[in-house]
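Residue numbers (the numbering used here): 1 to 239.
Glycine included, each C-beta is placed from N, C-alpha and C at the ideal position.
To start, the structure itself, in structure tokens.
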Amino acid sequence: MKILVFLLVLANLLFYAFSNDYLGKPEQPDAERAARQVRPESLVIVSRDKEPPLPAAKEPPAETAPPPPAAAVTPAAAGPEVAAGGGAARVCLLWDHLSAADADRLGSLLGARFPAFTVKWLEGGENGGWWIYIPPLANKAEADKKAGELRQLGITDYFVVPDGPNRFAISLGVFSGEKGGQERLAELKNKGVRSARLMPRPNKDGTIGLRAEGPAADRAALLGALNGGLARPSPRACP
Numbered sequence: 001m002k003i004l005v006f007l008l009v010l011a012n013l014l015f016y017a018f019s020n021d022y023l024g025k026p027e028q029p030d031a032e033r034a035a036r037q038v039r040p041e042s043l044v045i046v047s048r049d050k051e052p053p054l055p056a057a058k059e060p061p062a063e064t065a066p067p068p069p070a071a072a073v074t075p076a077a078a079g080p081e082v083a084a085g086g087g088a089a090r091v092c093l094l095w096d097h098l099s100a101a102d103a104d105r106l107g108s109l110l111g112a113r114f115p116a117f118t119v120k121w122l123e124g125g126e127n128g129g130w131w132i133y134i135p136p137l138a139n140k141a142e143a144d145k146k147a148g149e150l151r152q153l154g155i156t157d158y159f160v161v162p163d164g165p166n167r168f169a170i171s172l173g174v175f176s177g178e179k180g181g182q183e184r185l186a187e188l189k190n191k192g193v194r195s196a197r198l199m200p201r202p203n204k205d206g207t208i209g210l211r212a213e214g215p216a217a218d219r220a221a222l223l224g225a226l227n228g229g230l231a232r233p234s235p236r237a238c239p
């Protein structure tokens with residue numbers, strides 16, 4: 001019991017000596033306090049009469065402007081003459097009920113001045129076929145004169161058309177296929193017949209159809225070149 005009392009008295013004396021710095025103190029009193037400081041660089045010293053400055057506001061990160069939307073590619077308005085699948089505009093013209101002379105004139109014009117156009121003859125007649133003929137002459141006298149020339153060349157299988165749109169034309173034969181007509185036409189050329197033509201067989205009314213497809217930009221020039229030279233100068237669009 002005495003030992004316990006002695007230890008309590010000793011502890012109190014040591015605490016008293018430590019509290020009153022009897023055991024020694026550091027040379028710099030603030031050294032221990034400085035060691036206990038947290039982030040001393042954040043302290044700001046200001047004068048007594050001035051308010052401390054507000055902390056600088058952080059600038060928000062610059063927003064990256066979204067890229068401008070890609071310009072939409074709008075195809076050019078396609079009219080009825082634009083060919084399917086794009087590309088240059090094309091036009092399809094159809095002449096029907098042409099006389100043999102008009103059909104020959106139109107075909108020759110397309111071949112000579114508008115080679116970009118594709119020409120297709122429309123086969124007529126009950127069973128189609130191809131026809132070799134000499135275009136209509138001015139009158140019966142001219143037709144008879146041409147018939148006499150054919151006889152002199154040894155050609156007797158001909159027929160002078162008496163009426164209809166091909167009046168005074170001279171028929172030299174009808175063939176079921178184009179190849180047979182071309183072979184016969186070559187024979188006539190070899191015999192000296194220079195004015196004979198080959199085209200699809202006329203319909204019952206004696207007319208022929210022609211279809212031409214080509215650049216739409218040449219349409220006005222083509223119609224202008226005809227200049228009313230056909231009995232049916234206005235074509236219609238292909239079906």
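- Look at L93 here: in three-state DSSP terms it is strand.
- Within its own chain, no residue has a Cβ closer than 6 Å to the Cβ of G111 once the five positions on either side in sequence are excluded.
- Comparing C-alpha distances from T156 to each of K140, G173, A141 shows the shortest one belongs to G173.
- Distance from the CA of G228 to the CA of S234, rounded to the nearest whole angstrom, comes to 9 Å.
- Under DSSP, the beta-bridge partners assigned to K120 are R211.
- Shown here, F114 sits in coil according to DSSP, grouped into three states, outside any helix or strand.
- Taking 8 Å as the cut-off, the Cβ atoms of A225 and R113 count as close.
- Across the set A221, A169, Q152, P239, the C-alpha of P239 shows the shortest separation from the C-alpha of R211.
- A check of alpha carbon separations from A103 across L122, A88, L188 identifies L122 as the nearest.
- An exposed status is given to V9, since fewer than 16 other beta-carbon atoms sit within 10 Å of its beta-carbon.
- Considered as a whole, the segment 174-201 harbours 178-190 as its complete alpha helix (DSSP H) runs of no fewer than 4 residues, in chain order.
- A contact is defined here as three or more CB-CB pairs under 8 Å, and the segment 167-186 meets this definition with respect to the segment 126-139.
- Cα atoms of R197 and A116: separation of roughly 22 Å, rounded to the nearest angstrom.
- Bridge partners of F159 according to DSSP: S171.
- Per the coordinates, the alpha-carbon of N166 lies some 14 Å from the alpha-carbon of D96.
- DSSP places A88 in the coil class of the three-state scheme, outside both helix and strand.
- E213 and G107 have their C-alpha atoms some 12 Å from each other.
- Counting only residues of its own chain and dropping the five nearest sequence neighbours on each side, A138 has a CB closer than 8 Å to the CB of F168.
- L98 is bridged by DSSP to I208.
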